[in-house]
Amino acid sequence: MLIKKILLIICLGVLPLGLVACSGPTPDQLLENRINIQEFIDRGIARANAGDAKGMNVAFDQAFAIEPKSTKVLVSRGFARSTLKDYKGAVADQTAAIAINPDLPEAYANRGTAYYRLGQKKAARADWQKAAALFKANKNTSKYNELVDVLDQFH
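If you count the sequence shown from 1, position 72 lands on 71 in numbering that gives the first Met the number 0, and the numbers rise without skipping.
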């Protein structure tokens, strides 16, 4: 809270003509943030693949420090958590991403897989169906076809 107040004071500092002395990030800063976030995501997934939960969490925490409500980071961390068999954590991350943007087919597909691993087959099927519909709407036929194949095998 103190940091927010300090930033507010700094940003509301007024120039002699009454203009606000603070502006948002430049386009170059935004691009740099996206690059840094992707590096942390890649590092987090690599750490998860190596079985290093602590290293995974550190990498994703760094990504969240740059962009706290990033659906890309949430979906990626959820995927990494599934790799570590933390299916409840994976469901939580995918659900958080869906709450921010309910049109993320990857989040539904990943959450469906985590539900399946938790034995919640009805929830898995519902999420896979939603993901398939979104992939189809986005004209991503390869992902749509993959999910249709999964659903056809799922009884």
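Glycine residues also receive a C-beta, built at the ideal position from the N, C-alpha and C atoms.
Item, Value
"Start-to-end residues for the alpha helix (DSSP H) that takes in Asp151", "Thr140 to Gln152"
"Check whether Trp127 and Leu146 have beta carbons under 7 Å apart", "yes"
"Exposed unless 16 or more other CB atoms sit within 10 angstroms - verdict on Pro38", "A small correction: the amino acid at residue 38 is Glu; Pro does not occupy that position in the sequence shown. Exposed: under 16 other Cβ atoms inside 10 Å."
"Runs of alpha helix (DSSP H) wholly within the stretch 90-135 (minimum 4 residues, chain order)", "104-116"
"Close beta carbons around Gly111, own chain, < 6 Å, minus the five adjacent residues each side", "Ala123, Asp126 and Trp127"
"Host alpha helix (DSSP H) of Asn137 (start-end)", "That residue, Asn137, is in no alpha helix (DSSP H); it is neither H nor E in DSSP."
"CB contact flag (Ala62, Val72, <7 Å)", "yes"
"Boundaries (first-last residue) of the alpha helix (DSSP H) holding Ala52", "Ala52 to Ile65"
"CB-CB length for Ile36 against Ser69, believed under 8 Å", "7 Å"
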